[in-house]
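S.K.: The structure is given below, and queries will be raised subsequently.
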Amino acid sequence: MAAEDLSVVGSLMSRARSPLVNSRPRYSRLSSGERMMSLTTLFTAGSVILRGKDDTSLQTSTHVGALNACYFARRGFQVEVFESRDDIREAKIVRGRSINLALSHRGRQALSRVGMEEKIVSKGIPMHSRMIHSLNGKQSPIPYGKKGQYILSVDRANLNKELLTEAERYPNAKMNFDHKLQDWSPDTGLMTFLRPDGSAQSLQADLIVGCDGAFSTIRKQFLRRSRFNFSQTYIPHGYLELTMPPVAGEFAMKPNYLHIWPRNTFMMIALPNLDKTFTCTLFMPFDEFEKITTGDNVMEFFQEYFPDAITLIGVEALKTDYFRLPAQAMVSIKCSPYHINDKCVLMGDSAHAVVPFYGQGMNAGFEDCIVFDEIMDQCNEDFSAVLLEYTRVRVPDDHTIADLAMYNYVEMRAHVNSKWFLFRKKVDDILHFLLPKTIVPLYTMVTFTRIRYHEALQRWHWQNKVINQGLLVCATGAVLGGSYLIAKHPPKIQSIPIEKVWDRLLSLKV
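Put into C-alpha cells, the structure is as follows:
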C-alpha cells in the first residue's frame with residue numbers, strides 16, 4: 044500500500060508570470076532574462092505540467108503531486124497537470140484506498156508554506172492519544188505527547204480535492220484529466236501522453252520529477268540503469284476496512300483518539316471522520332483472513348477478539364462489509380539514488396513507499412516538497428546541484444522512516460500491552476518534562492518536530508542507552524541499599540523451639 048494515489052509531471056516552456064504569482068512569496072533569485080525552463084508534472088491517476096523558468100518535469104502522486112504543483116507555481120513556473128483518471132472532484136465513485144491519513148507537524152509545515160495549513164486543519168479531527176481497547180473491554184488512553192500536542196485525522200479524498208483546487212487557483216497552472224503517460228525519456232525529457240480521444244500528445248521537459256506512487260512508471264526507467272538500488276518488501280499482513288456508523292447522530296466512541304485493539308499478532312484501529320463515523324481498519328496476517336469464509340466465522344472471530352466493537356459496527360454490517368473487498372496488501376519500497384543527472388528526480392511514494400503504521404507516509408511525502416524547495420533556495424535553482432543534494436539529504440531519512448514504520452506495527456499490535464513498554468513510556472515522559480532539550484521521546488521527534496528522521500533515530504538509540512544504564516544503576520543501588528539495611532538492622536524473627544517445628548508443620552496441613 045502506498046501513501047499517495049496520484050502523480051505529477053511538469054514541463055516549463057516559458058517564464059510567464061501572473062499577478063497572483065507575483066502577489067505570493069517567491070524564492071527565485073534569477074531574472075526572467077537569465078534562463079528559461081520547462082517543467083511537467085504527472086499524476087499516476089493523471090499528471091501536471093509546469094511551464095516557467097527551465098524545462099523541467101515532475102511525476103508525483105495525488106496529494107504530493109498537487110502540493111508540488113503549488114510549490115512550483117508560486118516560484119513562477121507555468122504548471123500543467125495531467126491526471127490519468129477523471130477529476131476526483133466530479134467523479135461519483137472514487138476508486139482507491141480510503142484509509143484516513145494522519146497529518147502531523149512535518150506535513151503541516153509543508154502545507155503552511157503554500158498557505159494551505161489552516162484550510163486542511165479545519166477539516167481534520169484532532170487525536171490527542173491512543174485509546175487502547177483491552178480484550179476485557181477496558182479502555183486506557185496513552186497520550187501522543189505533551190498537553191496540546193496532537194495529530195489530525197484527515198480524509199484522503201477531501202485532502203486531494205482541496206490540493207487540486209488550490210493548485211488550479213494559480214493562473215499559471217492548468218489541469219488535464221484522463222491523460223495517461225505512455226512513454227518518457229530520462230535523457231531527452233520527451234514525454235508522450237494518451238489523450239481522452241485516443242490521440243497522442245508529446246511534451247519536452249528539462250526536468251522530470253517522479254512522484255507517481257509505489258508502482259511508479261517513472262521509476263521503471265531508473266531500473267534499467269546501472270548503480271540504481273531498489274528493494275520491495277511485502278509484509279505478511281493485509282488490511283480490510285469497515286465503517287462504524289454514528290449512534291443517535293453522534294460518534295459511537297470518543298472522537299479525539301486513535302482507537303486501537305491490539306491483539307499481539309494482529310490489531311484493529313479506528314479513526315474519526317467529520318460525518319461522525321469511524322473508519323475501522325483490521326490489520327492481520329493473510330492466512331488469518333483466509334480462515335474466515337462465512338458471516339458466522341466473522342461473528343465468532345469478532346466475539347473472541349473485538350467483542351466491544353460488534354454492537355458499534357453492527358452485526359449485519361460486519362457480516363456483509365467484511366466480504367465487500369478482499370484484504371489489501373502493504374508494501375515497503377526503498378531505492379537510491381533519487382535522481383538521474385539533472386534530468387529526473389523521484390519524490391513521494393515512488394521514492395519511498397512505507398507501511399502506514401507510523402502515520403508518516405503523507406507527512407514524509409509533503410516534507411519532500413518543502414526540503415526540495417529549501418534546497419532550491421540553497422542551490423540557486425541549479426538543478427544539477429539541487430538533485431544531487433536532494434538525494435544526499437533525503438535517502439537516509441526516507442529509509443529510516445520506512446524502517447520505523449515497520450517497527451511501529453509491532454509496537455501498536457503488541458508492545459502497548461506490555462507493562463515494561465508502559466513503564467518506559469512513563470519514564471521517558473518524566474525525563475522529557477525534566478530535561479526537555481536533552482531527552483525527547485522518539486515519537487515526539489518524528490511526529491512533532493522536523494528533526495531529520497535518521498538523526499531522530501540516532502538520538503533515540505543514545506537516549507535508550509543512557510536511560511537503561513540509569514535504570515540499571517538505580518535498580519542495583521536499590522538492591523544493595525536494601526541488602527545493607529537488612530544486614531545492619533535485621534528484622535526480628537520469632538524463634539521457634541526445635542521440638543515445636545513439627546507441630547507447626549502439621550498445623551499447615553490442609
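Its first residue numbered 44, the sequence shown is counted upward by one per residue in the numbering used here.
All C-beta atoms in this analysis are idealised placements derived from N, C-alpha and C, irrespective of residue type, glycine included.
As the structure is a prediction and not an experimental result, all values here were calculated from the model.
1. Hey, ASP255 and SER393 are a contact pair by Cβ (cut 8 Å); roughly how many whole angstroms apart?
2. For ARG94, does the three-state DSSP call read helix, strand or coil?
3. Based on Cα-Cα distance, which residue from MET311, ARG156 and ASP198 lies nearest to VAL453?
4. Is it buried or exposed, ILE356, if we count other Cβ atoms within 10 angstroms and call 16 or more buried?
5. To which residues of the same chain is GLN506 closer than 7 Å at the C-beta, ignoring the five residues directly before and after it?
6. At what residue ranges does the stretch 372 to 450 contain a whole run of the alpha helix (DSSP H), taking only runs of 4 or more?
7. Quick one: what does DSSP say ILE353 is sitting in, helix, strand or coil?
8. Would you decide whether TYR277 is buried or exposed? Buried here means 16 or more other CB atoms lie within 10 Å of its CB.
9. Quick one: grab the DSSP three-state call for TYR452.
10. Can ALA257 and ALA396 be called in contact, C-beta distance under 7 Å?
11. Do you know how far the Cα of ILE131 is from the Cα of LEU325?
12. In chain order, what residues of the same chain have a beta carbon less than 6 Å from the beta carbon of ILE353, not counting five sequence neighbours either side?
13. Starting from ILE163 and walking both ways along the beta strand (DSSP E), at which residues does that stretch end?
14. Which partner residues does SER196 have in the DSSP bridge list?
15. What does a CB cutoff of less than 8 Å around LYS468 pick up in its chain, not counting 5 residues either side in sequence?
16. Pull up the distance between the alpha-carbon of GLU209 and that of ASN511, whole angstroms please.
17. Report yes or no: do three or more beta-carbon pairs, one from the stretch 381 to 389 and one from the stretch 424 to 434, lie closer than 8 Å?
18. State buried or exposed for GLN121, treating a residue as buried only when at least 16 other CB atoms are found within 10 Å of its CB.
19. Could you spell out where the beta strand (DSSP E) holding THR490 opens and where it closes?
20. Kindly list the residues whose CB is nearer than 7 Å to the CB of ARG238, restricted to its own chain and excluding five residues on each side of it in sequence; keep chain order.
21. In angstroms with no decimal places, state the Cα-to-Cα distance between GLY191 and PRO479.
22. So the candidates are ILE529, GLU123, PHE409 and SER375; which of them puts its Cα closest to the Cα of PRO214?
23. Measure the alpha-carbon distance for CYS412 versus LEU206 and round it to whole angstroms.
24. Going by alpha carbons, who is nearest to GLU333 out of LYS297, GLY281 and LEU178?
25. Cβ atoms of MET287 and CYS323: under 7 Å apart, would you say?
26. Any idea what DSSP makes of SER245, helix, strand or coil?
27. Keeping to the same chain, check which residues put their C-beta closer than 8 Å to that of ILE444; ignore five residues upstream and five downstream.
28. Could you tell me the distance, in whole angstroms, from the CA atom of ALA216 to the CA atom of ARG118?
29. Give the DSSP-derived three-state secondary structure of GLU284 in the structure shown.
30. List the endpoints of the continuous beta strand (DSSP E) containing ASP226.
31. Please give me, in chain order, every unbroken run of the alpha helix (DSSP H) with length at least 4 that falls completely inside the stretch 275 to 342.
32. Taking Cβ positions, are TYR365 and VAL341 nearer each other than 7 Å?
33. Could you give the first and the last residue of the continuous beta strand (DSSP E) run that contains THR235?
34. Comparing alpha-carbon positions, which option in PRO328, ILE261, ILE194 and GLU417 lies nearest GLY150?
35. Helix, strand or coil: how does DSSP classify GLU133 here?
M.R.: With the structure as the only source:
1. In the sequence shown, counting from the first residue as 1, residue 255 sits at position 212. In the sequence shown, counting from the first residue as 1, residue 393 sits at position 350. Contact between ASP255 and SER393 holds, with the beta-carbon distance rounding to 5 Å and staying under 8 Å.
2. Translated into positions along the sequence shown, residue 94 becomes position 51. Any answer about ARG94 is weak, because its pLDDT of 39 lies below 50 and its placement is not dependable; what the coordinates show is given next. Reduced to three states, the DSSP call for ARG94 is strand.
3. Counting from one through the sequence shown, the residue named residue 453 turns up at place 410. Nearest C-alpha to VAL453: MET311.
4. Here the question's residue 356 lines up with position 313 in the sequence shown. ILE356 is buried by the Cβ-count criterion.
5. As a position in the sequence shown, residue 506 is number 463, starting the count at 1. Excluding sequence neighbours, GLN506 sits near ILE482.
6. 392 to 395 and 404 to 421
7. As a working note, residue 353 is residue 310 in the sequence shown. Reduced to three states, the DSSP call for ILE353 is helix.
8. Locating residue 277 in the sequence shown gives position 234, where the first residue counts as 1. Exposed, by the Cβ-count rule.
9. In the sequence shown, the residue the question calls residue 452 occupies position 409. DSSP places TYR452 in helix when its eight states are reduced to three.
10. In the sequence shown, counting from the first residue as 1, residue 257 sits at position 214. In the sequence shown, counting from the first residue as 1, residue 396 sits at position 353. Yes. Within cutoff.
11. Counting from 1 along the sequence shown, the entry for residue 325 is found at position 282. Counting from 1 along the sequence shown, the entry for residue 131 is found at position 88. Straight-line Cα distance between these residues: approximately 26 Å.
12. Working through the sequence shown from its first residue, we reach residue 353 at position 310. Within the same chain, ILE353 has close Cβ partners PHE345.
13. Here residue 163 corresponds to residue number 120 of the sequence shown, with the count starting at 1. Looking at the DSSP string, ILE163 is not in any beta strand (DSSP E); the run it does join, the alpha helix (DSSP H), is 160 to 164.
14. Walking along the sequence shown from the start, residue 196 turns up at place 153. SER196 pairs with ALA145 and ILE168.
15. The count along the sequence shown starts at 1 and reaches residue 468 at position 425. Its chain contains ILE185 and PRO484 as the residues whose beta carbon lies nearer than 8 Å to that of LYS468, once the 5 sequence neighbours on both sides are disregarded; these appear in chain order.
16. Locating residue 209 in the sequence shown gives position 166, counting from the first residue. Locating residue 511 in the sequence shown gives position 468, counting from the first residue. If you take the alpha carbons of GLU209 and ASN511, they lie about 49 Å apart.
17. yes
18. As a position in the sequence shown, residue 121 is number 78, starting the count at 1. With 16 or more other Cβ atoms within 10 Å, it is buried.
19. Residue numbering aside, residue 490 sits at position 447 when the sequence shown is read from its first letter. That residue, THR490, is in no beta strand (DSSP E); its alpha helix (DSSP H) goes 485 to 491.
20. Counting from 1 along the sequence shown, the entry for residue 238 is found at position 195. Contacts found: HIS222 and GLN244.
21. Numbered from 1 along the sequence shown, position 148 holds the residue referred to as residue 191. Numbered from 1 along the sequence shown, position 436 holds the residue referred to as residue 479. Cα to Cα, the separation comes out at about 15 Å.
22. As a first step, residue 214 is located in the sequence shown; it is residue number 171 there, counting from the start. Ranking the options by Cα distance to PRO214, first place goes to GLU123.
23. The residue you call residue 412 lines up with position 369 of the sequence shown. The residue you call residue 206 lines up with position 163 of the sequence shown. Their Cα atoms are separated by approximately 13 Å.
24. Along the sequence shown, one-based indexing puts residue 333 at 290. The shortest C-alpha separation from GLU333 is found at GLY281.
25. Here residue 323 corresponds to residue number 280 of the sequence shown, with the count starting at 1. Here residue 287 corresponds to residue number 244 of the sequence shown, with the count starting at 1. In this structure, MET287 lies closer than 7 Å to CYS323 by Cβ.
26. Start at 1 with the first residue of the sequence shown, and residue 245 comes out as number 202. Note: SER245 maps to strand in three-state DSSP.
27. Translated into the one-based positions of the sequence shown, residue 444 becomes position 401. So the list reads HIS395, VAL397, TYR401, GLN403, ALA407, VAL489 and TYR496, once near-sequence residues are dropped.
28. In the sequence shown, counting from the first residue as 1, residue 216 sits at position 173. In the sequence shown, counting from the first residue as 1, residue 118 sits at position 75. If you take the alpha carbons of ALA216 and ARG118, they lie about 12 Å apart.
29. As a position in the sequence shown, residue 284 is number 241, starting the count at 1. GLU284: strand per DSSP, three-state reduction.
30. The sequence position of residue 226 within the sequence shown is 183, counting from 1. Unbroken beta strand (DSSP E) run through ASP226: 223 to 227.
31. 329 to 334
32. As a first step, residue 365 must be located in the sequence shown, where it is residue number 322. As a first step, residue 341 must be located in the sequence shown, where it is residue number 298. Yes.
33. Start at 1 with the first residue of the sequence shown, and residue 235 comes out as number 192. Looking at the DSSP string, the run of the beta strand (DSSP E) that includes THR235 is 233 to 237.
34. Here residue 150 corresponds to residue number 107 of the sequence shown, with the count starting at 1. For GLY150, the nearest C-alpha among the options comes from ILE194.
35. If you number the sequence shown from 1, residue 133 lands on position 90. Look at GLU133 here: in three-state DSSP terms it is coil, with no helix or strand label.
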